[in-house]
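Numbering (the numbering used here), first residue to last: 6 to 214. Using N, Cα and C, we set each Cβ at its ideal position, and we do this for glycine too. Here's the structure we're looking at; comments come further down.
As structure tokens, this is what we get:
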């Protein structure tokens, strides 16, 4: 689960890596949950600074209350990128550190690409809808991050566990299917008549060549 801190990425000019503001965030969050969870450390398992420094926070074996969905909190890893990405762009160093961390976690915990979500993608227990928050911000490079993590998977919303993954890879390679233009296949949507005719047209053109 991807978040932004919605704060400055450093507490002052001397806080080069963001370590001080990371500690401050964790301190505030641990104090908020002190009565219910005396050993609680942070709402995030990892915090990533704008220079690429990764700070460990809540132990990964323990849940962190990083989104307003109880079940999601129990089974997810919360990663917070320091900064307010409603207002700023992410640095290359921070982006690369995020990609490296997430790739490591995906491999270690067998997490499919389809499970890499933004906070805003989660259905809130309060509103019962997604998009109940702007987190991690309109400038968060989510699509670019998924692309960096994709590692051969043809679309963002399917992974190696998709039952027709090999067929989809072949069809995309041949140019017969191209997704929705944003690198999503949307396999649960009904195909439209226009889409079906376009696929038939591409197959005919391929056979003619």
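- Short Cβ contact (8 Å threshold) for residue 83 with residue 50: yes
- Is it buried or exposed for residue 149, if we count other Cβ within 10 angstroms and need 16 for buried? exposed
- Query: residue 7 and residue 141: beta carbons closer than 8 Å?
  - Reply: yes
- Query: If we ignore side chains and look at the alpha-carbon of each, how far apart do residue 203 and residue 37 end up?
  - Reply: 55 Å
- Item | Integer Cβ distance of residue 129 from residue 74, believed to fall under 8 Å | 6 Å
- Query: Which same chain residues, not among the five before or five after residue 69, have their C-beta less than 7 Å away from its C-beta?
  - Reply: 47, 48, 49, 50, 63, 78 and 83
- Task: Kindly list the residues whose CB is nearer than 7 Å to the CB of residue 1, restricted to its own chain and excluding five residues on each side of it in sequence; keep chain order.
- Result: The chain is shown from 6 up to 214; residue 1 falls before or after that span and cannot be answered.
- Query: How many Å lie between residue 5 and residue 186 at the Cα?
  - Reply: Outside the shown range of the chain (6 to 214) lies residue 5, about which nothing can therefore be said.
- Write down every uninterrupted run of the alpha helix (DSSP H) in the segment 67-154 whose length is 4 residues or greater and which is fully enclosed by it, in chain order. 75-80 and 97-114
- Can you tell which of 173, 195 and 122 has its C-alpha closest to the C-alpha of residue 154? 122
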